[in-house]
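Residues in the sequence shown are numbered from 7 upward in steps of one, following this note's numbering. Cβ atoms here follow ideal geometry from the backbone N, Cα and C, with glycine treated the same way. Presented below is the structure to which this report refers.
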Amino acid sequence: MADIDSPAGHGDEVGAAAEARWTLVVAIVTLFLVGMMGYMSLHWAAMPPVRTETVDPGTLHIAGEFIETNLGTFAEADGSATVRVLANQYSFTPQCIVVPADMPVLFRGTAADVVHGFSISASNVNLMLVPGFVTKLRTRFERTGEYLMPCHEFCGNGHAAMWAHVKVIDRESFMRQSRDAAGKGVSCVQ
Ligand code: CUA
């Protein structure tokens, strides 16, 4: 910048040096953020959002956590409940899920064939079920009632008919049904 009063003063040099330093700082921060965006969008987007726990989709029905007798809702010793759900073209198992109101509920789910998903009306539950991965969500249902649980990932010709029902029952009834189930998962009596 031309300054008529001070002939190429010392102050100008200091100012220019400071400006250059700050330009460098801003450039580094900008490059870091852009780099992070690139990493997140390319690396992360190439994987399902639920990839912390894996499961072999080929042996789901014969071994491990998602065998038939492990599906349904279980009361845990710590006062919470765990729901295990399996998605297949074109149904969920169990078809009707029972959960207690006013208790921490952990959903654990996976898919046997293709990507499925579900949401539960009037709740914050909205999950994607990916073959090979265990999807988890902790939630709590405040009120008892009956809700619909549609599959919301297009999974083939029968997608639109893929539904389950969710019954939220009071805590005492749930604990009673859990004792009656004697180690099996609780699900709706239909
Ligand atoms: Cu399962 Cu759509």
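Residues near residue i in its chain [Cβ-Cβ closer than 8 angstroms; skip 5 each side]
{"i": "L92", "result": "L66, F72, L77, F98, T99, G115, T116, A117 and A118"}
{"i": "R146", "result": "D108, M109, P110 and V111"}
Distance between residue j and residue i (C-alpha atoms, nearest Å)
{"i": "F113", "j": "G162", "result": "24 angstroms"}
{"i": "K142", "j": "G70", "result": "16 angstroms"}
{"i": "T75", "j": "G189", "result": "9 angstroms"}
{"i": "M7", "j": "A23", "result": "At M7, the pLDDT of 49 sits below 50, so the modelled position is not reliable and the matter cannot be decided from this model."}
{"i": "R182", "j": "A167", "result": "32 angstroms"}
{"i": "R144", "j": "V121", "result": "21 angstroms"}
{"i": "G138", "j": "P63", "result": "5 angstroms"}
{"i": "D186", "j": "V136", "result": "32 angstroms"}
{"i": "M43", "j": "S184", "result": "47 angstroms"}
{"i": "V192", "j": "S179", "result": "11 angstroms"}
{"i": "I34", "j": "E25", "result": "14 angstroms"}
For residue i, the first and last residue of its enclosing alpha helix (DSSP H)
{"i": "M181", "result": "R177 to A187"}
{"i": "V32", "result": "H16 to Y45"}
Extent of the continuous beta strand (DSSP E) run through residue i
{"i": "G151", "result": "G151 to P156"}
{"i": "M134", "result": "N132 to L135"}
{"i": "H122", "result": "H122 to S125"}
Any non-hydrogen atom of the ligand CUA within 7 angstroms of residue i CB
{"i": "A93", "result": "yes"}
Nonlocal neighbours in the same chain, by C-beta distance under 6 angstroms from residue i, ignoring five residues either side
{"i": "H158", "result": "G123 and S125"}
{"i": "S127", "result": "Y153 and L154"}
Close Cβ partners of residue i (< 7 angstroms) along its chain, the five nearest in sequence each way excluded
{"i": "T150", "result": "A107, V174, I175 and D176"}
- Query: Do the region 82 to 90 and the region 118 to 132 meet, that is, are 3 or more Cβ pairs less than 8 angstroms apart?
  - Reply: no
- Item | Touch test, the region 168 to 175 against the region 100 to 107, Cβ-Cβ under 8 angstroms, three pairs minimum | yes
- Query: Residues near the ligand MN, CB to any non-hydrogen atom under 5 angstroms, in chain order?
  - Reply: This structure lacks the ligand MN; the ligands present are the ligand CUA.
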